[in-house]
Structure formats: C-alpha cells, structure tokens
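Below: the structure, in structure tokens.
Numbering (our numbering), first residue to last: 20 to 230.
Right under this line is the structure:
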C-alpha cells in the first residue's frame with residue numbers, strides 16, 4: 020500500500036494557491052492601472068485566493084499531487100478588454116508580462132528573507148519556503164513559453180510586427196492548446212529543458228547553493 024505524505028501534499032497545494040493568487044492579481048492590477056476596469060468590476064483586483072482559483076484547474080492540481088501523475092494546474096484567467104487601453108498591443112503585453120514577473124519578484128522576496136533574516140527557522144518552514152521559490156520560478160518559466168494560452172504567447176505577440184502578430188495569434192488560437200498538451204504529456208523532456216533546468220539554475224543562484 021502506497022503511503023502518502025499528506026504534509027508534503029498540503030504544502031504543495033498551499034504553495035500553488037499562493038503563487039497563482041499573486042500571479043493572477045498581478046495581471047488584474049496591471050490591467051486596471053493601465054485603464055481597463057474589467058478586472059475591478061469582476062472582483063479580481065484582490066489577493067483573496069478564492070477569487071483567483073479555477074475549480075477544474077485546482078482539482079487537476081490536487082489529483083496530480085496526490086497520484087503523482089503528470090499534468091498541470093491553473094488559475095482563473097483574468098479577463099481583459101484591450102479596447103480600454105491607450106496602447107492596446109503594448110499594454111496587453113505588459114499585462115501578460117506582469118504575471119511571470121510577479122512570480123519572480125515573489126521568489127526574490129522569499130529567497131532574500133531566507134538568506135538575510137536573523138530569525139531562526141524550523142526545518143518545516145525552510146522546506147516550505149524553498150518549495151515556494153521553486154514553484155514561483157517554475158511558474159515564471161512555464162508561463163513564458165510562447166504557446167497560447169500562456170503569457171509568453173501574448174508577450175511575443177506584443178513584440179512582433181502587427182501583421183506577423185496577427186498571423187501568430189491566429190495560429191495560436193487554433194493550435195496553441197494542442198501544442199501545450201503535447202508538450203506536457205507527449206514530450207515532457209522538452210518541457211524539462213525549457214522549464215526544469217533553468218528553474219534549478221535560477222533557484223540555486225537565489226538561494227546561494229551553487230550551480
């Protein structure tokens with residue numbers, strides 16, 4: 020009979036909730052500050068996790084953590100109306116970039132607290148904080164992959180010439196989700212190269228453990 024480490028399971032789920040909350044809040048507050056009231060009207064400019072969790076995405080994460088199966092979890096996407104922006108293409112890119120950037124900033128704050136705080140920490144707290152750093156950096160790299168519906172696709176679209184961006188977004192609308200599923204379930208080695216390896220390198224630098 021398989022013994023489940025419930026402490027570790029709950030730690031992973033709690034860390035996911037915190038990271039996703041910060042990520043989606045960053046999208047919402049950035050869109051709102053750039054002139055789109057949509058996230059504010061929908062109650063997304065908040066750090067309340069319940070407003071940012073997607074039921075199916077959270078369930079998938081729980082199943083993945085409990086069973087050890089390969090998969091992904093996700094939060095509730097922040098709805099944005101580009102027509103409310105003064106510079107729609109640029110501002111959409113900034114809104115998209117805010118999510119991964121917030122995860123990097125969160126990781127930096129946690130790592131800084133771990134390295135420079137004079138206060139003693141229990142082994143359990145250290146384990147949780149290290150996991151939080153890994154999850155935030157991993158989410159950043161994962162979301163920077165330029166495949167829809169990930170943030171990286173919107174960032175790339177904002178950097179491309181308008182006509183090229185239109186064709187790219189059309190292709191991503193048609194094939195992006197299929198490509199993403201293939202990346203996760205069929206060729207996970209590629210995902211490990213794109214996300215896993217850079218995550219380990221960045222986290223080791225943040226925590227001062229070498230590499």
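Glycine included, C-beta positions come from ideal geometry on N, C-alpha and C. It should be emphasised that the depicted structure is a prediction, and the values quoted were computed from it without experimental measurement.
query	result
Would the region 147-155 count as touching the region 80-97 if we require 3 or more Cβ pairs under 8 Å?	no
Is it true that the CB of residue 46 sits closer than 8 Å to the CB of residue 114?	yes
Assess, as a yes-or-no matter, whether the region 176-191 is touched by the region 154-163 under the definition of 3 or more beta carbon pairs within less than 8 Å.	no
Look up residue 215 in the DSSP assignment and say whether it is helix, strand or coil.	helix
Applying the criterion that 16 or more other CB atoms from any shown protein chain within 10 Å of the CB defines a buried residue, is residue 55 buried or exposed?	buried
Taking the continuous alpha helix (DSSP H) assigned at residue 173, which residues delimit it?	170-178
Counting only the same chain and skipping the five closest in sequence on each side, list residues whose C-beta sits under 8 Å from that of residue 233.	Nothing about residue 233 can be read from this structure; the chain reaches only from 20 to 230.
Which residues in the same chain have their Cβ closer than 7 Å to the Cβ of residue 95, if we skip the five residues on either side of it in sequence?	43, 71, 72, 73
Please go through the same chain and pick out, in chain order, the residues whose beta-carbon is closer than 7 Å to the beta-carbon of residue 30, but skip the five residues on each side of it.	147, 150
Given a cut-off of 8 Å, decide if residue 64 and residue 28 are closer than it, judged by their beta-carbon atoms.	no
Could you check what DSSP says for residue 87 in three-state terms: helix, strand or coil?	coil
Measure the alpha-carbon distance for residue 22 versus residue 86 and round it to whole angstroms.	11 Å
Assuming the contact rule is C-beta atoms closer than 8 Å, residue 40 and residue 66 should be a hit. Round their C-beta distance to whole Å, please.	6 Å
How many Å lie between residue 132 and residue 138 at the Cα?	10 Å
May I ask you to report which of helix, strand or coil DSSP gives residue 127?	helix
Within a Cβ cutoff of 7 Å, which residues of the same chain sit near residue 1, ignoring the five residues on either side of it in sequence?	In this structure the chain extends from 20 to 230, so residue 1 is not present and cannot be described.
So for residue 23, helix, strand or coil by DSSP?	coil
Expressed to the nearest angstrom, what Euclidean distance is found between the alpha-carbon atoms of residue 142 and residue 220?	23 Å
Given this structure, state the Cα-to-Cα distance separating residue 170 from residue 163, to the nearest angstrom.	6 Å
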